[in-house]
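Counting with our numbering, you get residues 326 to 404 for the letters of the sequence shown.
C-beta atoms are modelled at their ideal positions from N, C-alpha and C, and glycine is treated no differently.
Below is one structure, written out as structure tokens; comments come after it.
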Amino acid sequence: TGVSLVIIGHADNNKPDMTQITIAEKRALAVKRQLMKIYEIEDRRLLVFSIRDPFVKKYKLKTEGLDRKAEFRLIRLND
């Protein structure tokens, strides 16, 4: 319970930037819904990000070559 899962959505590079971000976020949200449904993980422990979010930029997470995927990162919650 002291760990959260970050879900980062990715999309193809063949559409305008805003379309890519929308597709990537929808992909990450779909993954979140399935994890909640199948594994009954609490909503507050599943965080959804895209390449434009400060979390991704802060940790300089590489997003190249991750088209049409969802990436997962575990983070510890501060107590």
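A straight-line Cα-Cα distance of about 6 angstroms links LEU330 and ARG370.
Bridge pairing for ALA353: absent [DSSP]. The DSSP-derived three-state label of LEU360 is helix. In this structure, DSSP gives ILE366 a state outside helix and strand, which the three-state scheme calls coil. For LEU330, DSSP records a beta bridge to LEU371, LEU399.
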